[in-house]
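Just so you know, my numbering puts 210 at position 210 of the sequence shown, and the rest follows in order with no gaps.
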Amino acid sequence: MFNYEYIVISDLDGTLCNSLGAPSKNTVEYIREFQQKHPKVLFTFSTGRNWADCSEIYESLGLTGYISCLNGAYIYNPKTEHLVISCLGEKFLNFLLHSPHVLPKLHSGSLLTNKVNIPLNTDQPNKIWNTFRESKAILIGIKLLYREEDKQQVNEIIQIIKSFKPAPKVNLFYYPGLINLEIQNDKEDKFSFVKFAANYYGVDYPKILTFGDNYNDVPMMQGGVRGCALANATFLLKQEAQVISKFSNDEDGLIKELDSFFGPL
Numbered sequence: 001m002f003n004y005e006y007i008v009i010s011d012l013d014g015t016l017c018n019s020l021g022a023p024s025k026n027t028v029e030y031i032r033e034f035q036q037k038h039p040k041v042l043f044t045f046s047t048g049r050n051w052a053d054c055s056e057i058y059e060s061l062g063l064t065g066y067i068s069c070l071n072g073a074y075i076y077n078p079k080t081e082h083l084v085i086s087c088l089g090e091k092f093l094n095f096l097l098h099s100p101h102v103l104p105k106l107h108s109g110s111l112l113t114n115k116v117n118i119p120l121n122t123d124q125p126n127k128i129w130n131t132f133r134e135s136k137a138i139l140i141g142i143k144l145l146y147r148e149e150d151k152q153q154v155n156e157i158i159q160i161i162k163s164f165k166p167a168p169k170v171n172l173f174y175y176p177g178l179i180n181l182e183i184q185n186d187k188e189d190k191f192s193f194v195k196f197a198a199n200y201y202g203v204d205y206p207k208i209l210t211f212g213d214n215y216n217d218v219p220m221m222q223g224g225v226r227g228c229a230l231a232n233a234t235f236l237l238k239q240e241a242q243v244i245s246k247f248s249n250d251e252d253g254l255i256k257e258l259d260s261f262f263g264p265l
């Protein structure tokens, strides 16, 4: 299970990369050391480039998680070769399984994954959790069916789901004698990746730091994140950002801002 407390998402060109189109030597060395010294901070990037044009940067920085290419339209984990359409995080699943009423009142249900659907045929959360973990699958959605007479408990379950931050999307359907809850990830500009990362890693928006310089980075400044525009950023982006750096991409502005926020390495 992931236990990140912060996520850092940077644009590439004009932000993480200098005017030559690549991260400076200082930036590469800093990011690699940063990840070692801050294991509870996930560092990643979101770019307009395609994967073939940024794979070397991913490897050079020693990244391990998902990245976003084509301005949020392509979310990919090179380590697992998993291309994401949408998914729910393990942190949320663990939270849900151990919440009141969810399993004890359940009529039937299943975990929808990229491999097989895992039936929710026990009220023992740890048993379901272990089955899911052993499957090594990606959780795409959750289907929960409850009896109509348990409507009050279903309302409480919905409130419990909404209390998780960031909350996933819940669709509610009524069948004769049954109430169907379908839970899924709540994705195609750069904010799509911000939302995905928040849900997948279980980190709320105020603890997500984003960095950019251009118009396509505007969505990354929204949603309550701590958005930072480098000194070379467009006027529009600076209007949207919470923080405006005194440093440009050619002055290693990104790593200077990380140093300021998290403290010197």
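Here a beta-carbon is modelled for each residue, glycine too, at the ideal position from N, C-alpha and C.
Residue range of the alpha helix (DSSP H) that includes residue i
i: Arg32; result: 25-37
i: Asn126; result: 125-135
i: Val194; result: 190-201
i: Ser260; result: 253-262
i: Val84; result: No alpha helix (DSSP H) contains Val84, which is instead part of the beta strand (DSSP E) from 82-84.
i: Asn94; result: 90-97
i: Gln152; result: 151-163
i: Lys238; result: 235-240
i: Leu61; result: 55-61
Element boundaries [beta strand (DSSP E), containing residue i]
i: Ala229; result: 226-229
i: Leu172; result: 169-175
i: Phe45; result: 41-45
i: Leu106; result: 106-113
i: Gly141; result: 139-147
i: Val182; result: According to the sequence shown, residue 182 is Glu rather than Val. Where Glu182 is concerned, the enclosing beta strand (DSSP E) stretches over 178-184.
Cβ-based burial, residue i [other Cβ within 10 Å; buried from 16]
i: Leu83; result: exposed
i: Asp123; result: exposed
i: Gly109; result: buried
i: Leu172; result: exposed
i: Leu97; result: buried
i: Gly21; result: exposed
i: Gly177; result: exposed
i: Thr64; result: exposed
i: Leu265; result: exposed
i: Lys195; result: buried
i: Phe235; result: exposed
i: Tyr174; result: exposed
i: Ser163; result: exposed
Cα-Cα separation, residue i to residue j
i: Glu182; j: Tyr205; result: 23 angstroms
i: Cys69; j: Asp150; result: 44 angstroms
i: Ser260; j: Leu237; result: 21 angstroms
i: Pro168; j: Val243; result: 28 angstroms
i: Gly212; j: His38; result: 22 angstroms
i: Cys87; j: Pro166; result: 13 angstroms
i: Glu5; j: Asn199; result: 13 angstroms
i: Ala197; j: Tyr66; result: 8 angstroms
i: Ile160; j: Phe191; result: 25 angstroms
i: Ser10; j: Thr210; result: 6 angstroms
i: Leu93; j: Met221; result: 28 angstroms
i: Ser46; j: Gly263; result: 24 angstroms
i: Leu106; j: Gly141; result: 16 angstroms
i: Thr44; j: Leu139; result: 21 angstroms
i: Val41; j: Asn3; result: 9 angstroms
i: Ile208; j: Gly227; result: 8 angstroms
i: Asn71; j: Asn216; result: 7 angstroms
i: Leu258; j: Gly48; result: 22 angstroms
i: Glu29; j: Asn185; result: 35 angstroms
i: Leu61; j: Gln36; result: 11 angstroms
i: Asn214; j: Thr15; result: 9 angstroms
Cβ separation of residue i and residue j, assumed to be a contact under 8 angstroms, to the nearest whole Å
i: Lys143; j: Leu112; result: 6 angstroms
i: Val116; j: Ser135; result: 7 angstroms
i: Thr27; j: Leu254; result: 7 angstroms
i: Glu240; j: Val218; result: 5 angstroms
i: Ser248; j: Ala229; result: At roughly 11 angstroms, the Cβ-Cβ gap does not stay under 8 angstroms, so Ser248 and Ala229 are not in contact.
i: Pro125; j: Leu145; result: Actually they do not touch by this definition, with Cβ atoms about 17 angstroms apart.
i: Glu148; j: Ile179; result: 6 angstroms
Cβ-heavy atom distance, residue i to the ligand ATP, below 6 angstroms
i: Lys238; result: Of ligands this structure carries none, so the ligand ATP is not represented either.
Bridge-paired residues (DSSP) for residue i
i: Phe267; result: Since the displayed the chain opens at 1 and closes at 265, residue 267 lies outside it and no answer follows.
i: Ser68; result: Ser46, Ile75
i: Pro119; result: Ser110
i: Val102; result: BP columns for Val102 are empty, so no partner.
Proximity test, Cβ basis, 7 angstroms: residue i and chain B
i: Pro119; result: The question asks about chain B, but that chain is absent: this structure has only one protein chain.
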